[in-house]
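Residue numbers (full-length UniProt numbering): 1 to 700. Note that the Cβ used here is the ideal one computed from N, Cα and C, for glycine as well. Beneath this line is the structure, given in structure tokens, with notes to follow.
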Amino acid sequence: EPFVADEYIERLAWRTPGGGSRGGEAFDPKRLLEEFVNHIQELQVMDERIQRKVEKLEQQCQKEAKEFAKKVQELQKSNQVAFQHFQELDEHISYVATKVCHLGDQLEGVNTPRQRAVEAQKLMKYFNEFLDGELKSDVFTNSEKIKEAADIIQKLHLIAQELPFDSLMGFCCYPLCSPGKYHDLECQLIQEFTSAQRRGEISRMREVAAVLLHFKGYSHCVDVYIKQCQEGAFLRNDVFEDAAILCQRVNKQVGEIFSNPETVLAKLIQNIFEVKLQSYVKDQLEEHRKSDAEQYLKNLYDLYTRTTNLSSKLMEFNLGTDKQTFLSKLIKAIFISYLENYIEVEIGYLKSRSAMILQRYYDSKNHQKRSIGTGGIQDLKERLRQRTNLPLGPSIDTHGETFLSQDVVVNLLQETKQAFERCHRLSDPSDLPKNAFRIFSMLVEFLCTEHIDYALITGLAGIPSSDSKNANLYFLDVVHQANTIFHLFDKQFNDHLMPLISSSPKLSECLQKKKDIIEQMEVKLDMGIDTLNCMIGQMKHILAAEQKKTDFKPEDENNVLIQYTNACVKVCGYVRKQVEKIRNSMDGKNVDTVLMELGVRFHRLIYEHLQQYSYSCMGGMLAICDVAEYRKCAKDFKIALVLQLFDTLHALCNLLVVAPDNLKQVCSGEQLANLDKNILHSFVQLRVDYRSARLARHFS
Numbered sequence: 001e002p003f004v005a006d007e008y009i010e011r012l013a014w015r016t017p018g019g020g021s022r023g024g025e026a027f028d029p030k031r032l033l034e035e036f037v038n039h040i041q042e043l044q045v046m047d048e049r050i051q052r053k054v055e056k057l058e059q060q061c062q063k064e065a066k067e068f069a070k071k072v073q074e075l076q077k078s079n080q081v082a083f084q085h086f087q088e089l090d091e092h093i094s095y096v097a098t099k100v101c102h103l104g105d106q107l108e109g110v111n112t113p114r115q116r117a118v119e120a121q122k123l124m125k126y127f128n129e130f131l132d133g134e135l136k137s138d139v140f141t142n143s144e145k146i147k148e149a150a151d152i153i154q155k156l157h158l159i160a161q162e163l164p165f166d167s168l169m170g171f172c173c174y175p176l177c178s179p180g181k182y183h184d185l186e187c188q189l190i191q192e193f194t195s196a197q198r199r200g201e202i203s204r205m206r207e208v209a210a211v212l213l214h215f216k217g218y219s220h221c222v223d224v225y226i227k228q229c230q231e232g233a234f235l236r237n238d239v240f241e242d243a244a245i246l247c248q249r250v251n252k253q254v255g256e257i258f259s260n261p262e263t264v265l266a267k268l269i270q271n272i273f274e275v276k277l278q279s280y281v282k283d284q285l286e287e288h289r290k291s292d293a294e295q296y297l298k299n300l301y302d303l304y305t306r307t308t309n310l311s312s313k314l315m316e317f318n319l320g321t322d323k324q325t326f327l328s329k330l331i332k333a334i335f336i337s338y339l340e341n342y343i344e345v346e347i348g349y350l351k352s353r354s355a356m357i358l359q360r361y362y363d364s365k366n367h368q369k370r371s372i373g374t375g376g377i378q379d380l381k382e383r384l385r386q387r388t389n390l391p392l393g394p395s396i397d398t399h400g401e402t403f404l405s406q407d408v409v410v411n412l413l414q415e416t417k418q419a420f421e422r423c424h425r426l427s428d429p430s431d432l433p434k435n436a437f438r439i440f441s442m443l444v445e446f447l448c449t450e451h452i453d454y455a456l457i458t459g460l461a462g463i464p465s466s467d468s469k470n471a472n473l474y475f476l477d478v479v480h481q482a483n484t485i486f487h488l489f490d491k492q493f494n495d496h497l498m499p500l501i502s503s504s505p506k507l508s509e510c511l512q513k514k515k516d517i518i519e520q521m522e523v524k525l526d527m528g529i530d531t532l533n534c535m536i537g538q539m540k541h542i543l544a545a546e547q548k549k550t551d552f553k554p555e556d557e558n559n560v561l562i563q564y565t566n567a568c569v570k571v572c573g574y575v576r577k578q579v580e581k582i583r584n585s586m587d588g589k590n591v592d593t594v595l596m597e598l599g600v601r602f603h604r605l606i607y608e609h610l611q612q613y614s615y616s617c618m619g620g621m622l623a624i625c626d627v628a629e630y631r632k633c634a635k636d637f638k639i640a641l642v643l644q645l646f647d648t649l650h651a652l653c654n655l656l657v658v659a660p661d662n663l664k665q666v667c668s669g670e671q672l673a674n675l676d677k678n679i680l681h682s683f684v685q686l687r688v689d690y691r692s693a694r695l696a697r698h699f700s
């Protein structure tokens, strides 16, 4: 711990007897002083002793420092001597290495001509054997040394080819230039390669291939290898899977055998495409090309897809620099004769198939489809207005049949979807938008024109006149189904057509065609407003049949037991059904538009209907109850204007029962203040007591 003098003195005093008051002892300053003096002397002695020890250690340290410095100097001198020796040794080694290199160059200069002379001597020896016609050397007679023999013959053949034939030496060397010997050895090497391949001896195949690399028959060696690789490789029904497995197996092996594995593998793939695949594709397609367009298109799509998938797998292998172009050319060579006229076959099949689907549906309904004929929308409107000379003939009874079928639509869309998929896969990229547009045009023709449009016009022709009794309004069912079908059509447009034309000028053309179709259908749906006339006609018929004059002017004013009239009940029930039907048949803004038109006409009908009767006090109350029920029915429309009209009508009906003194106050109320005075007057005139002088005076 750190030395603190005060604490040290305190402890010393505490230990000294008489140095403190603890223990009851009296304080003795002399004894404490004596203790302090003695302790100071001890400390002085201790200090002297420690000081002598410190001086001794300092002297020892200085002595050792001098010795260490001397030793370091000696080591530095030794290091300098060693470094000088190392430099001398390095110079000596460099000198020796230079001498050795020079000697090696001299030896090589002497040995190289000697080796060439030895090789030339051997070649001359073998040359003499060829001239004598007797091959006695072991290299020619021993079949195991065929590699050395091939090397010798190759060299002699090259030498002989360089000599002019008209010279004596060239004439003598002709046997070496003739095809016989050279080709015999080539055949032996290829036979050896074939045998090694059958035995599965990769190392031997590699040796023979390396020898044949310098011969003209090297390509024949590759052909033999490719041929034998395919033996037993195509035993299953799936030629594409067999080809992929074969190429994968050869890819692992070919690098161990040939010095140019990518070329050999590319040649194998080319052979597979041009022989196996082309033959297989031809057999599969030619069988149905003229007899069955559907099966032909399915097979073409399937084969082309499987071929491109195989090509994608082969892209993993090393086939050279531009393997994408190489494989594309192979695929094109197989399918070019089928893809040139693909779209014509597709359109022809789609047209006949779509027509058959529609005809089969109409036959199942025992319906003879009528010709829609020609003429624009305005002409159709005029014919419907006159109810004569309709595009389908006179007004017809469809017996509740909409002539729309979701099964037919699903079949047509499915056929077109498959056509789009085939078009995407089989069309040239430059022709893809154009071909997709042609398929889309076929869909428009058969789905939109021949099916939906025909059903709409048939439905329009089947709309009964407004004065028909018990008329069935099937046109709303047509609208409902047409709306559902068009949503399916629009979904296919976005899901399958748009990706094919999104980046081409055909996009605007397709969008315009779709817009024209929608506008034409909306015009026909708008023309179906005659259905609302039929609804109003049905309401008129109900009111005429059920409403009695005595309803609003009962004989016994005190004995009225009903809350609203029977006519009101039936009309409200009919209206609610039609509102629900309209909501189910349409969507979007069309619902609000049609319901607003129906609501306005419904209000006008009730307004005019109430104007036909005169009302007693109790009859006026019953009329108010009827209008309240009509207003409750109007809430189902969920159209603000319609509800406002019935609120006003309800307020007008209050004029039928209000006390004469309060007429002016009621007429100036919030709901009636803005109405024409003639309208108010017309309702007041319906009261049975209107003729009384008091009522006339108050209202005037």
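Mark residue i as exposed unless 16 or more other C-beta atoms lie within 10 angstroms of its C-beta, in which case mark it buried.
i      : result
Pro433 : buried
Ile40  : exposed
Ala651 : buried
His480 : buried
Ser178 : Because the pLDDT at Ser178 is just 44, under 50, the model does not fix this residue reliably, and the value given afterwards should be weighed accordingly. Flag for Ser178 reads exposed.
Met586 : buried
Ile336 : exposed
Val222 : buried
Ala419 : buried
Asp551 : buried
His451 : buried
Glu42  : exposed
Arg11  : exposed
Phe637 : buried
At what residues does the alpha helix (DSSP H) containing residue i begin and finish?
i      : result
Ser441 : Leu432 to Leu443
Lys313 : Ala293 to Leu314
Pro261 : Pro261 to Asn271
Met356 : Tyr342 to Ser364
Cys568 : Asn566 to Ser585
Among the options, which residue has its Cα nearest to the Cα of residue i?
i      : options                           : result
Cys633 : Ser614, Phe552 and His603         : His603
Val657 : Tyr615, Ile463 and Lys71          : Tyr615
Ser502 : His424, His102, Val627 and Phe335 : His424
Val264 : Glu274, Asn251, His288 and Lys276 : Asn251
Phe437 : Lys290, Arg198, Tyr296 and Ile347 : Ile347
Glu546 : Met535, Arg236 and Val569         : Val569
Ala293 : Lys276, Leu268, Gln324 and Tyr342 : Tyr342
Leu297 : Phe489, Thr308, Leu285 and Arg306 : Leu285
Phe475 : Ser259, Phe403 and Arg601         : Phe403
Ser291 : Ala266, Val345 and Lys329         : Val345
Leu460 : Ala355, Leu413, Glu522 and Ile190 : Glu522
Please list, in chain order, all residues of the same chain as residue i whose beta carbon is under 7 Å from its beta carbon, the five residues on each side excluded.
i      : result
Arg249 : none
Phe493 : Lys514
Leu32  : Ala13, Thr16, Gly18 and Gly19
Lys540 : Leu605
Lys553 : Ser614, Tyr615, Ser616, Gly619 and Val688
Ignore the nearest five residues each way along the sequence and tell me which others in residue i's own chain have a CB closer than 8 Å to its CB.
i      : result
Asp6   : none
Gly255 : Pro261
Leu500 : Phe420, Cys423, His424, Leu432, Pro433 and Ala436
Might you give, ordered along the chain, the residues of its own chain that have their beta carbon closer than 6 Å to the beta carbon of residue i, omitting 5 neighbours on each side?
i      : result
Arg353 : Glu415
His609 : Leu543
Asn411 : Ile357
Gln578 : Met535
Gln62  : none
State the Cα-Cα distance for the pair residue i and residue j, rounded to the nearest angstrom.
i      : j      : result
Ala623 : Pro660 : 18 Å
Leu447 : Gly462 : 21 Å
Thr112 : Gln253 : 38 Å
Ala243 : Asp407 : 42 Å
Gln106 : Val208 : 37 Å
Ile272 : Val224 : 14 Å
Glu287 : Gln278 : 14 Å
Asp516 : Glu509 : 11 Å
Lys66  : Asp47  : 29 Å
Thr98  : Gly109 : 16 Å
Leu595 : Gly573 : 16 Å
Glu580 : Asn483 : 16 Å
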